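All remarks here apply to the structure that follows.
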Amino acid sequence: MLAVALPTVWLSGAGAAAQSQSQSQQAGQAAEQTLVWTADNSYTEYKSAPATATAGPVTIVFETNESTGNTFGMSHTLTFDVSSPGYNHDVNVNIMASPFDTSGGRHEVQVNLTPGTYRYYCMIPGHAGMVGELVVTSAGPTDTTPPQVSASVSGDKDADGNYVSSASVTVSA
Ligand SMILES: [Cu+2]
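So that you can map any letter, position 16 of the sequence shown is 84 in our numbering, and since no number is skipped, the others follow by simple counting.
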C-alpha cells in the first residue's frame, strides 16, 4: 500500500510546485519597477542612478534633498534626452527638483520604457557632467504553459492489486 501511495505524494508535490510557479509569474507581471535617481551637492554627477531596467511600466523617482546629501539647496533636473541620435526618445521626463520645492525634493513620474538606451542628464547650467545612460532590455517571454508531469508505478502486485516487495515509481516532468 505504501508504494501505491507514493505516486500520489509525488504528483501532489509536482502540482504544488507548478501552482507556486504560476503564482510567482502572476506576481512578476503585476510588480512594477521603481527606478530611483538621487542627487547631492555635486554638479558633476548624480549621487545614484540605475544602469539597467526592463521594458514596461516604470515608476521613476528623482530625489534631491538633505536625505540624499543635498545640503546646499541646489536644484537639479532629471531630464531624458529627446533629440540625440542613437537613443530612445519615447518618454518625456523632465523633473526639476530642489530640497525646498513643494515636494521636498522628491518627485515621481510614471513612464513606459521600451527596449533600447535612454540618455539622461541634468539641464541646470554648469551641471553638464551629470549625464548617464539607462539600458532597457525587453521582458523575457512569459511562460504560461504548465509543466507536463506524469508518474507511473511498476512492480509485482498481489491478488488485491497491492505491490509486493519493491515497486518502481517513475516520475517525468
Ligand atoms: Cu544638476
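No residue lacks a Cβ here, since even glycine has one placed at the ideal position from N, Cα and C. Bear in mind that the values here come from a model prediction, so they are computed numbers and not experimental data.
Within the chosen limit of 7 Å, ligand 1 reaches the beta carbon of M198 through at least one heavy atom. As DSSP reads the structure, T213 sits in no beta bridge. Proximity of the region 101-114 to the region 153-162 falls short of the contact definition, fewer than three beta-carbon pairs being nearer than 8 Å. DSSP places S206 outside both helix and strand once states are collapsed to three, so it counts as coil. Straight across, the Cα-Cα distance linking E131 with H144 is about 9 Å. In the displayed model, T106 falls within a strand according to three-state DSSP.
In this structure, the C-beta of I192 approaches ligand 1 to less than 7 Å from one of its heavy atoms. The alpha-carbon of E134 is positioned some 19 Å away from that of M198.
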